[in-house]
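Take a look at the structure set out below.
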Amino acid sequence: MATPQARGVIFIHSAPRALCPHLEWAVGRALGHAVSFEWAEQPVLSGSRRAEFYWEGPAGTGAALATAIRGWEHLRFEVSEDPTPRSDGGRWLHTPGLGIHYAQTDTAGNVVIGEDRLRYAMEVAAGDAFELQRELQVALGAAWDEELEPFRHAGDEVTVVWLHKVG
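Once you know that position 97 of the sequence shown is 332 in the numbering used here, the rest is easy, because the numbers rise by one and skip nothing.
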């Protein structure tokens, strides 16, 4: 049975200028072919650059891409992988202060929290509603979304992508 083809997007929200060619090389290596990003200034953080790159590859490529670029300091990024008929989707968020966060996504792009993670949150909360809320915020990646939101706006000419504000 052939591996299903997946697709997704890499958002480099902020990277030091010197890191940009290394990111292209790492992404290209993970995809198995050379890539070239269209870099733009990141107005939120002086001296940094931003880029978006749409990719296609076998299911699981999103994880490979996030792994390939997650080790550098001063790097903020998101990698998304759309679900296929035979595989879940995913989101990988990274900030220098928080590290990396992974969340499974459904066909509409919603974060899916598995029952084991929910059971853990309820166990840790032990009936405390505020602690349960905190645990669910961690599971949803709320701190990552909050830190990345200003970088998503980037500039007036760029389409804003709201990944956590629905309805």
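Don't be surprised by glycine CBs; every beta carbon is placed ideally from N, CA and C.
Per DSSP, which residues does residue i bridge with? Please list them.
i	result
residue 319	322
residue 245	288 and 314
residue 335	329
residue 250	284
residue 378	Partner(s): none; residue 378 has no beta bridge.
residue 373	Beta-bridge pairing links residue 373 to no other residue.
Any idea what DSSP makes of residue i, helix, strand or coil?
i	result
residue 268	coil
residue 238	coil
residue 402	Confidence in residue 402 is poor, its pLDDT being 47 and thus under 50, which makes the residue's placement unreliable; the coordinate value appears in the next sentence. Residue 402: coil per DSSP, three-state reduction.
residue 302	helix
residue 340	strand
residue 361	coil
Inspect the beta-carbon positions of residue i and residue j and report whether they are closer than 9 angstroms.
i	j	result
residue 230	residue 245	A query on residue 230 cannot be resolved here, the shown segment of the chain reaching from 236 to 402 and no further.
residue 382	residue 310	no
residue 238	residue 297	no
residue 323	residue 346	no
residue 292	residue 266	yes
residue 282	residue 320	no
residue 249	residue 259	no
residue 290	residue 349	no
residue 274	residue 330	no
Determine the burial state of residue i: buried for a count of at least 16 other Cβ atoms within 10 Å of its Cβ, exposed for fewer.
i	result
residue 326	buried
residue 240	exposed
residue 389	buried
residue 306	exposed
residue 359	exposed
residue 301	buried
Could one say the Cβ of residue i lies closer than 9 angstroms to chain B's Cβ atoms, at least one of them?
i	result
residue 351	Given the protein chain composition of this structure (a single chain), no chain B is represented.
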